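Some notes on the structure that comes next.
Protein chains: 4
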Amino acid sequence: MIGYNFMGKAHSNAWRQVNRFFPDLPATVEMATICGRNPSAVEKAASVLGWKNTTTDWRKVVEDPSIDIIDITTPNDTHAEIAIAAAKAGKAVLCEKPLAKGVAEAEAMVAAVKAAGVVNMVCHNYRRIPAVALAKQMIEKGELGDRIFHYRARYAQDWIADPKFPLVWRLKKEIAGSGTHGDINAHIIDLGRYLVGEIDEVCGMMETFVKERPIQDEAGEGLGAKGGQKMGQVTVDDAVSWIGRFKNGAFANLEATRFAHGRKNHITFEINGSKGSLVFDFEDMNRLKFFSSEAPAHRQGFTDILVTDGGVHPYLKAWWPGGHIIGYEHTFVNTFADFVTAVAEGKSVQPTFEDGLINEKVLDAIEESSKSRSWVKL
Amino acid sequence: MIGYNFMGKAHSNAWRQVNRFFPDLPATVEMATICGRNPSAVEKAASVLGWKNTTTDWRKVVEDPSIDIIDITTPNDTHAEIAIAAAKAGKAVLCEKPLAKGVAEAEAMVAAVKAAGVVNMVCHNYRRIPAVALAKQMIEKGELGDRIFHYRARYAQDWIADPKFPLVWRLKKEIAGSGTHGDINAHIIDLGRYLVGEIDEVCGMMETFVKERPIQDEAGEGLGAKGGQKMGQVTVDDAVSWIGRFKNGAFANLEATRFAHGRKNHITFEINGSKGSLVFDFEDMNRLKFFSSEAPAHRQGFTDILVTDGGVHPYLKAWWPGGHIIGYEHTFVNTFADFVTAVAEGKSVQPTFEDGLINEKVLDAIEESSKSRSWVKL
Amino acid sequence: MIGYNFMGKAHSNAWRQVNRFFPDLPATVEMATICGRNPSAVEKAASVLGWKNTTTDWRKVVEDPSIDIIDITTPNDTHAEIAIAAAKAGKAVLCEKPLAKGVAEAEAMVAAVKAAGVVNMVCHNYRRIPAVALAKQMIEKGELGDRIFHYRARYAQDWIADPKFPLVWRLKKEIAGSGTHGDINAHIIDLGRYLVGEIDEVCGMMETFVKERPIQDEAGEGLGAKGGQKMGQVTVDDAVSWIGRFKNGAFANLEATRFAHGRKNHITFEINGSKGSLVFDFEDMNRLKFFSSEAPAHRQGFTDILVTDGGVHPYLKAWWPGGHIIGYEHTFVNTFADFVTAVAEGKSVQPTFEDGLINEKVLDAIEESSKSRSWVKL
Amino acid sequence: MIGYNFMGKAHSNAWRQVNRFFPDLPATVEMATICGRNPSAVEKAASVLGWKNTTTDWRKVVEDPSIDIIDITTPNDTHAEIAIAAAKAGKAVLCEKPLAKGVAEAEAMVAAVKAAGVVNMVCHNYRRIPAVALAKQMIEKGELGDRIFHYRARYAQDWIADPKFPLVWRLKKEIAGSGTHGDINAHIIDLGRYLVGEIDEVCGMMETFVKERPIQDEAGEGLGAKGGQKMGQVTVDDAVSWIGRFKNGAFANLEATRFAHGRKNHITFEINGSKGSLVFDFEDMNRLKFFSSEAPAHRQGFTDILVTDGGVHPYLKAWWPGGHIIGYEHTFVNTFADFVTAVAEGKSVQPTFEDGLINEKVLDAIEESSKSRSWVKL
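Chains as they are written, first to last, in the working numbering: chain A, 1 to 378; chain B, 1001 to 1378; chain C, 2001 to 2378; chain D, 3001 to 3378.
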């Protein structure tokens, strides 16, 4: 694993847990080497997160013949180089989203994994929230009907809604690449493509509501971070809102923001089809709401499905009896279980780097639309 | 109509509205005379509420040959005398709940209406909340299965949870008769009998949490009432909690309280049958939640039925298109629509005085149980 | 009152009830004359709805010197002519929304009421849902902070989501003018302007998902309507989705659709400000959710305000004790109470015809944007 | 660890994870030995769950000088013998609930750990659900006021609501000890004692709704279990319902059932105090609802606290950023973190064996009350 921060914690946990909860996987994971730039930090991470070896040079990991899988959780701007090297070395590659810094990089990555014929996956873990996987199954079985009219989604947070919140690195374009757009809009785009289909055209707007923030006086990060007196420019977007059309004719209406007080990690979507509707909210991620127009008329309504039944709900067999919910990090364990199987069988599973590339194209189109103030075709 | 306070307002509205929204009723209501003890207050009430004549002597109303229906909304301790006189005069009688001050009075009232052969009804308006009427229909159709296991209900309010709230008349036994018991426990008992069946035995406890309160310094009443420095005894119950068994074997678990902060008029029940469950909350009275164990396993969950569809839901045809909710007073209009039909057809509809009598018996049994600290059979 | 259909029923009820529940109004309403084209239908309506006189000629009503208020509930395309005549006759005018068929008509209407100096109001009844009025008060008091970032709203219904639903008049442009756009998008535009401010620019898309529907074989209308075999063109929009900016910099993201299964009259909005957020859903119209970033950190969350407390919540003093909810038609009674006061005092209250005109301009801009596939400034 | 079934899986996970997520604990856990009666099953469990050694003789574990902690997850009837031996051997003891088969056994266990002076804990993991721990903190800070009026709780499941569900071992008294009473009523009793205080008197009823069930034709267990044609006696309770009083005067109203369709692991409680109320539902275990009568009147309502903020909510610092929920097994990790600290510091933390003993006393009193049909004092 290359990288050891927030995603490193989530990924390490998933590697540790995957064989414990999915004991029938075709392979057993060994947590060989964790790599990071700061030697003492990576040592500490290895110890806390359960890795055998450490290194500060990612090339050593990529070249290590005893290693089969390269897991990339580093900042966005390093994904391409590492992934391409890993593919060339014949490793299976799991890469955090967004796949790359732009379409060109992503295309190179897709070319590399194709050329090398290696198993690859971009880690859109939200696809394997059981409720989302159930939504996918229901749509495929036709439970929403043969046509979808609306995909309306929102990813809302509030951690920078206070204008006094300091200028952390995520608010600087040179480091973060983008703000809400690549960080969270990417997720609801991916979910839309997974559940509804490919996108045909987009029209959007982006905004930086708070253009100056206090420069951070120390290395602190996150919600408790404090800023000093000096002000600096925010160079990424605070919110993005866009409309569009899927190739199948459905409306897309999406919004990503970090300025919605009370919304912590509020990934919501509603999908309306010709026979029914589905509603999801990540903050209640063990639930999926379903309306069927085919139910007896006097009993129609949104059914609040508690997606915890191992007998019928995806991924739940690995976990606990019905009514005992799972949490955020389980989505990674579910993802990694499928990836381990894919590696063992030598066959990629969705979402592949190709998916990552298409997501990049959609992100680019929205950004272009926002600048040109016009519709952009994909 | 005899009486003109809170219930007088609700009843008058229902008399005014019933033919407007149920235009196919077999009779048209004329609001003849309103009666109350205070001449100027009753004059004002007549004008605001829409009555033609006023009187301060209820006997004049009962004796008036042009009047067909006597509607009793006076305090509890006067119901029996008026209702019996009205029955003797051959009038149809609609009486606010609780029917009487005790079983003996209630029995006399039942005897009187039977002897006179007049149409009679006790105004348990909550039976005609559309969601409750739908629950009844679903149970009768067997949608909960052939057996009911649990009826768990609560009527919770919070208007006296503050110990400084003054000693209003509803907290004095000589005027109010009882506290939560007759006022609100009566409602959830009636709903239980309506939906589940007759009760076999009970065991309960009653309590006055705040035994002394400031004596009110003026005639004020209600939430904004203010008390002075002098304290007086609270002589009614603040809460009652009881368990019991229905004759069909179902468990009863009920609680009524005025000490549940945040619960304003929180009438909730859950009914669990062998095939499904129903959940209701009066504060969202246009909804009924239904769980069916016969739905496809992957989609099971509580369905949140918005009971506003005139095509299939009881009483809704009279009101608005789907999704447009109705409110508290509509339950009276629905009730009065059925009563007007009953009067026109000369045939009582539930809940009759007989129901009122049985409710009294259950109330008495719980009170006795609370005193004797033992189970009481009905 | 000119007109007697769905809105006629709601308006008549409000006229009947307004003095009953708001007994302190400065004037008492007399329901003089109802006017409609079909003589027998208008006779029946008068009888059911409580009007003294009937006529089939709206000019007679406008010319009647004993009449002070003209209430227009006729189809959209007749509003302007009637309203202008009424204004000229010196009547106070209450007009159903949308104010007119377009900006030009609306401007003429505004000019007419201004020239005549008559009290005027466009009946956007949703402004006087108590929860919405409370939202307005809270925003004005600064409880959301000094800046608003997002207004995200949706008006979703599902009555034509079934492609077999017949071609009723509301789906024909020559009669209805538009589909979701003027019918329901208009409402959430008005609420946005009321709560957040004036709109600066818009970019939208409109769609007719189902372009052909069975021609209705009889006069039937509404949910139970049946179509025959022959097909006809749907000439109005099925859905509209748009993004935009308020003059104060807030994002607008709105959507109106009749293709969202399970959504009956789902008017929802979320407003995010610099200090807090508000969330509303019309299907639970007695509730307002509020998040304050200033609450103690360990207790922050959306507070589910049951807006039924007559002591502190707008309009509720007229109705019932806390916890006893009100319904759809009460929003008209509240509106009419304010209008009666306005007429008595000779001073218009919001939303005036001017508001109706601005709403028309926004509607026009969105339609233009949808056609030109570009942003349109207001 | 002695035992390896459902609880064995949850406990093993907690031992594995505790130092990963609580890296600052004063000790590091080593998972030495797992013990079970079936040699091949225990081998498999060790491998899947991550234990170094296995044995089929619990005495060997207790006598092993390299082991500091004995974790007992075996069936109920073996707790006492193992725990007493472990205490005598000077080990810290963590014991699954219920502590023992009855009061006598529990008293012996308490005596043993006291005599040995060893750290001891009964594993009521629900106390360390962050929302429950927050509730405790809020009550202690006085946020519900100085007096509690009601503790109303329910633990409802539905896994045997179908009368055809087979006669699994949990429905046989000789193996399971009791049905809902010891299994789930025990949990809401413990939560009541934790949050509200000690119980003074109880009055309850117990019932076996379905008295005969098909005998299982194979070793299967759980929801998918199948029964044959032959019927056998159910010898445990299906439901228990009881009322009671806390020593501080609060009402207790509790119910445990396995016959509530739609309720999977529905642990709910509502606590009403003189200044506010708290509501919890385990199926949404990351949330706590709080009503404060001290909030500004126009904004009062239940606040839906998403208990995921590591900065202010108990145990959350160990997990993920706000809005990323945790699941069932995290309650064990939180519990074990506190237990590891307790062991390192040589000082027991709640709930101790003493708590387990008092819980047994309450369970016994309810059972006695149900048999004698009378109130029982504690």
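Quick reminder that beta carbons are idealized off the backbone N, C-alpha and C, glycines included.
The structure presented is a predicted model; accordingly, all values stated were derived computationally and were not measured.
When rounded, the separation of the alpha-carbon atoms in Gly-117/A and Gln-17/A is 28 Å. Residue state for Arg-213/A is assigned as strand, using DSSP reduced to three classes. In the three-state scheme derived from DSSP, where H, G and I count as helix and E and B as strand, Gln-2137/C is classed as helix.
At a beta-carbon threshold of 8 Å, the residues of chain B lying near Leu-2306/C are Lys-1264, Glu-1283, ordered along the chain. Here the alpha carbons of Gly-2003/C and Pro-2214/C stand approximately 28 Å from one another. Counting only Cβ-Cβ distances below 9 Å, Gln-300/A has contacts in chain B at Thr-1303, Ile-1305, Leu-1306, Asp-1309, Val-1312, in chain order. Setting aside the 5 residues that flank it on each side, Thr-1054/B is surrounded in the same chain by Ile-1034, Val-1042, Glu-1043, Ala-1046, each with a C-beta closer than 6 Å to its C-beta; the list follows chain order. Restricting attention to alpha helix (DSSP H) runs no shorter than 4 residues, the segment 3323-3351 of chain D encloses them at 3330-3345, ordered along the chain.
Chain C places a beta carbon closer than 9 Å to that of Ala-3297/D, counting this residue as a contact.
In the structure shown, Asp-2237/C adopts coil according to DSSP, grouped into three states. Counting only runs of at least 4 residues, the segment 1147-1195 of chain B fully encloses the following alpha helix (DSSP H) elements, listed from N- to C-terminal order: 1173-1176, 1186-1195. Selection Asn-5/A, Asp-281/A, Thr-28/A evaluated against Val-343/A yields Thr-28/A as nearest (Cα-Cα). Per DSSP, Asn-3005/D lies in no alpha helix (DSSP H) segment and is marked neither H nor E.
Residues of chain A with a Cβ closer than 7 Å to the Cβ of Trp-3051/D do not exist, since the nearest Cβ in that chain sits about 11 Å away. Annotated three-state conformation of Trp-58/A is helix, per DSSP. By the neighbour-count definition (other C-beta atoms within 10 Å, threshold 16), Phe-2149/C is a buried residue. For the options Met-121/A, Gly-262/A, Ala-250/A, the alpha carbon positioned closest to that of Ile-271/A is the one of Ala-250/A. For the 9 Å CB-CB criterion, Lys-247/A and Gly-192/A do not form a contact. Any Cβ of chain C closer than 9 Å to the Cβ of Glu-3143/D would place that residue at the interface, and such an atom is present. Straight through space, the alpha carbons of Val-3279/D and Pro-1163/B are spaced by roughly 22 Å.
Proximity of Arg-3258/D to chain C, defined by a Cβ-Cβ separation below 9 Å, is not satisfied. Classified as exposed, Pro-2026/C has fewer than 16 neighbouring CB atoms from the shown chains inside 10 Å of its CB. DSSP, reduced to helix, strand and coil, places Phe-3290/D within a strand of the structure shown.
With contacts defined as CB atoms closer than 9 Å, Asp-1077/B and Gly-1177/B qualify as a contacting pair. Scanning its chain for C-beta atoms nearer than 8 Å, with the 5 sequence neighbours on each side dropped, one finds around Val-3376/D the residues Glu-3201, Val-3202, Cys-3203, Ala-3365, Ile-3366, Glu-3368, Ser-3369, in chain order. Around the beta carbon of Pro-1314/B, a 10 Å sphere encloses 16 or more other beta carbons of the protein chains shown; the residue is thus reported as buried. In this model, Met-1285/B and Ala-1131/B are separated by some 7 Å (Cα to Cα). Under the three-state reduction of DSSP output, Asp-2309/C falls in the coil class, being neither helix nor strand.
With respect to chain C, the C-beta atom of Asp-158/A has a partner C-beta closer than 9 Å. A direct Cα-Cα distance of roughly 7 Å separates Phe-1339/B from Val-1349/B.
Following the DSSP letters along the chain, one finds Asn-2272/C in no alpha helix (DSSP H) but inside the beta strand (DSSP E) bounded by residues 2266-2273. Asn-120/A carries a strand assignment under DSSP once its states are collapsed to helix, strand and coil. In the same chain as Ile-1069/B, and ignoring 5 residues on each side of it, the C-beta atoms closer than 7 Å to its own belong to Lys-1091, Ala-1092, Leu-1094, Val-1343, in chain order. A distance of 9 Å or more separates the beta carbons of Asn-2013/C and Arg-2152/C.
In the DSSP assignment, Asp-1364/B falls within the alpha helix (DSSP H) that extends over 1353-1372. Look at Gln-17/A here: in three-state DSSP terms it is helix.
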